[in-house]
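Below is one structure, written out as structure tokens, with a few remarks after it.
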Amino acid sequence: MKEKDARVEGKDTHQLVMYVEKDDGSYDSIMTGSYLVKNYVDDFWDKKKKIEDEFLGKIKNGEATPIMLYMMLEELTEVELAGRVGISVRKVKKHLTPEGFETMTLRTLKRYAEVFDVPVVNLMQAVVTKKSGLQIRAEKTKNPLFYFLRIEG
Amino acid sequence: MNKMNDLVIPFEHRMFAHCESGTVTGLLNHGGLPLTEPMVFGISSGILFLYFKTPALPFPTFVVRNFPGQMIRGVSRRLGVKFSTAKYRDQKKGEDAIDALLDKGIPVACRTDFYYMDYLPAYMRAHFNFHYLTIVGRKGSKFLVSDCYSTELAELERESLRKGRYPGGSFDPRGFLFYPVRVPQNPDIDAAIRKGIKAACFNMLRLPVKQVGVKGIRLFSKKIMEWPGMARNEDHLSHEIMKINILLEDQGTGGAGYRFMYATFLRQASEKLNAPALREMSERMMLVGDDWRRISIYAARMGKNHDFGETKFRELSEKIARQADAEEKFFTDLARIAKTL
């Protein structure tokens, strides 16, 4: 690829290294912005938002659990999720149902939260606000099950 | 935990195109062997294609490089670099091992789950247990990380690195780390290049597995016609189609990126071996990469516009099939040239 065709300018595009044909005919690396991010990252987030809305609706109606929501968002299969949480696939299937979710131990819930890299409380609530510009942040404590939810702005 | 003193090993942090080849290149350069990333990639026969479906992934996918870990092994075998490797069942011991190496001034590379590398943008982070990085120091509760995808030396909480080193799931790294203990200062690079090229041709043309190499590209071109029937809904299909663009363009340099890197390797190899035929092959490989890039852009547009008619899929399939033909011809010619080097 020619260097001029590889160059992607613009702020907010993360930098990456590509090997290109330079103007003098030599082949070498350049740092450039990401074509993908520049053109398609909004579409990526829109799709994530749609999944979130769909499954939050299902959770609200008692048809799904937060485990299902995060599993879909993170594109994990039941087999992979089971391997990561360290439980059987049968148990994961159970935790995907509201009835099975209720029977989960706190230890398992904590492990799910680690896999999804979210505070444990996120598996039991969704924070909703009509105000824009708020900064909402879960602050860790030494107790792995207890967070301060800081709402600022 | 005892309070650790802060320290930074004088390790030159650089961005590279790909994490495994970049991490190995960084370590070799630090050890006094000035190899380029394309050289590491080519010597270890990094170029490949694999189409597969596994219970660990919700949808079929493809990779366009050799199997993770093979670049480390390839460089070790062909250049005589000796790496010390270890896995730790006990997470505390795994972390202590890193601290002990840092205390000795040794940068140490780890295999991690990409997802927990929170210094990278959120859209990049996905569960993928084959991300390589180098730990080069510590500061307070954080490690200093030289990650090929980060513009700066990154800071990562110890807890995040622990999660990344012990994520569970398929191909769990289990605290895998490695570092070079012997880096030869004058290895036979010419011989390593020849072996690397021959092995790459073998892998692309002759491995008796239908998912791998040129056969893998052909399988991909056929199987993509089944994708519409496998998706949950239109958005899901759009996402999976656009992932072709991610895999070919961005993540881990992608197929086009790897082809450009291999072209650069062949160019450097032609100069090192004084072999004009390899220079011509490097130009051809650049063009192969350009065609992969066109496929990637075509797929991204299809996905974004939800343009999923059968004609579109047929056209995409045919484009991929043509790549299989082009790569078959390319590696057949390269194998012939390799015999004369």
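Which chain is which? The protein sequence lines are A and B, in order.
When we follow my numbering, the leftmost residue of the first sequence carries the number 1257, and every step to the right adds one.
When we follow my numbering, the leftmost residue of the second sequence carries the number 364, and every step to the right adds one.
We put the CB at the ideal spot given by N, CA and C, even for glycine.
First and last residue of the uninterrupted alpha helix (DSSP H) at residue i
i: residue 1393 of chain A; result: Run containing residue 1393 of chain A: none in the alpha helix (DSSP H); it sits in the beta strand (DSSP E), 1391 to 1396.
i: residue 1407 of chain A; result: No alpha helix (DSSP H) holds residue 1407 of chain A; the beta strand (DSSP E) holding it covers 1403 to 1408.
i: residue 306 of chain B; result: Since the first residue shown for chain B is 364 and the last is 704, residue 306 of chain B is missing from the structure and cannot be characterised.
i: residue 482 of chain B; result: Neither: residue 482 of chain B is in no alpha helix (DSSP H) and is coded neither H nor E.
i: residue 454 of chain B; result: 454 to 466
i: residue 600 of chain B; result: 597 to 608
i: residue 591 of chain B; result: 590 to 593
i: residue 1355 of chain A; result: 1354 to 1358
i: residue 394 of chain B; result: Looking at the DSSP string, residue 394 of chain B is not in any alpha helix (DSSP H), and its letter there is neither H nor E.
Residues that residue i contacts on chain B, provided the C-beta gap is smaller than 7 Å
i: residue 1306 of chain A; result: 598
i: residue 1370 of chain A; result: 526
Interface partners of residue i on chain A, CB under 8 Å
i: residue 608 of chain B; result: 1292, 1296
i: residue 605 of chain B; result: 1296, 1299, 1300
i: residue 663 of chain B; result: 1292, 1295, 1296
i: residue 639 of chain B; result: In chain order: nothing, as chain A lies at least about 14 Å away.
i: residue 486 of chain B; result: 1293, 1297, 1300, 1301
i: residue 649 of chain B; result: 1257, 1277, 1283
i: residue 656 of chain B; result: 1257
Residue i - DSSP class collapsed to helix/strand/coil
i: residue 1258 of chain A; result: strand
i: residue 1320 of chain A; result: coil
i: residue 1343 of chain A; result: coil
i: residue 615 of chain B; result: Because residue 615 of chain B carries a pLDDT of 45, less than 50, the predicted location of this residue cannot be relied on, and no value is offered for it.
i: residue 415 of chain B; result: strand
i: residue 572 of chain B; result: coil
i: residue 648 of chain B; result: helix
i: residue 1330 of chain A; result: coil
i: residue 443 of chain B; result: coil
i: residue 679 of chain B; result: helix
i: residue 1388 of chain A; result: coil
i: residue 533 of chain B; result: coil
i: residue 660 of chain B; result: helix
i: residue 1264 of chain A; result: coil
i: residue 489 of chain B; result: coil
i: residue 638 of chain B; result: coil
i: residue 1278 of chain A; result: coil
i: residue 694 of chain B; result: helix
i: residue 665 of chain B; result: helix
i: residue 420 of chain B; result: coil
i: residue 562 of chain B; result: helix
i: residue 553 of chain B; result: helix
Endpoints, the beta strand (DSSP E) within which residue i is located
i: residue 425 of chain B; result: 424 to 428
Beta-bridge pairing of residue i - partner residues as DSSP gives them
i: residue 1287 of chain A; result: A:1273
i: residue 517 of chain B; result: B:508
i: residue 495 of chain B; result: B:474
i: residue 448 of chain B; result: B:541
i: residue 500 of chain B; result: B:371, B:507
i: residue 1368 of chain A; result: In the DSSP output, where bridge partners are listed per residue, residue 1368 of chain A has none listed.
i: residue 410 of chain B; result: B:428
Neighbour list for residue i in chain A, Cβ cutoff strictly below 7 Å
i: residue 653 of chain B; result: 1257
i: residue 478 of chain B; result: 1373
i: residue 420 of chain B; result: 1333
i: residue 630 of chain B; result: 1283
i: residue 494 of chain B; result: Under the 7 Å cutoff, chain A gives no residues; its nearest Cβ is about 15 Å from residue 494 of chain B.
Closest by C-alpha distance to residue i, when choosing among the options
i: residue 669 of chain B; options: B:599, B:690, B:620, B:626; result: B:599
i: residue 415 of chain B; options: B:424, B:409, B:403; result: B:424
i: residue 1329 of chain A; options: B:490, B:702, B:674, B:407; result: B:490
i: residue 462 of chain B; options: B:492, B:477, B:507; result: B:507
i: residue 1300 of chain A; options: B:448, B:602, B:455, B:391; result: B:602
i: residue 1353 of chain A; options: A:1385, A:1311, A:1363; result: A:1311
i: residue 408 of chain B; options: B:688, B:576, B:604; result: B:576
i: residue 531 of chain B; options: B:470, B:654, B:645, B:476; result: B:476
i: residue 316 of chain B; options: A:1261, A:1260, A:1264, A:1281; result: Residue 316 of chain B is absent from the structure shown; chain B starts at 364 and stops at 704.
i: residue 1318 of chain A; options: A:1380, A:1397, A:1361, A:1260; result: A:1380
i: residue 446 of chain B; options: B:437, B:467, B:452, B:454; result: B:437
Interface partners of residue i on chain B, CB under 8 Å
i: residue 1275 of chain A; result: 380, 401, 620, 623, 624, 626, 627
i: residue 1388 of chain A; result: The premise fails here: residue 1388 of chain A is roughly 19 Å from chain B at the closest Cβ pair, so nothing lies under 8 Å.
i: residue 1391 of chain A; result: Here the premise fails: no neighbours, minimum Cβ distance about 16 Å.
i: residue 1351 of chain A; result: Near residue 1351 of chain A there are no residues of chain B at all, since even the closest Cβ is about 16 Å away, more than 8 Å.
i: residue 1336 of chain A; result: 418, 419, 420, 490, 532, 533
i: residue 1271 of chain A; result: 378, 514
Contacts that residue i makes with chain B (C-beta to C-beta distance below 9 Å)
i: residue 1288 of chain A; result: Ordered by position in chain B, no residue passes the 9 Å Cβ test against residue 1288 of chain A, which lies about 11 Å from the chain.
i: residue 1406 of chain A; result: In chain order: nothing, as chain B lies at least about 18 Å away.
i: residue 1330 of chain A; result: 478, 489, 490
Closer than 8 Å to chain C by CB, residue i
i: residue 1340 of chain A; result: Note that chain C does not occur in the displayed structure, where the protein chains are A and B.
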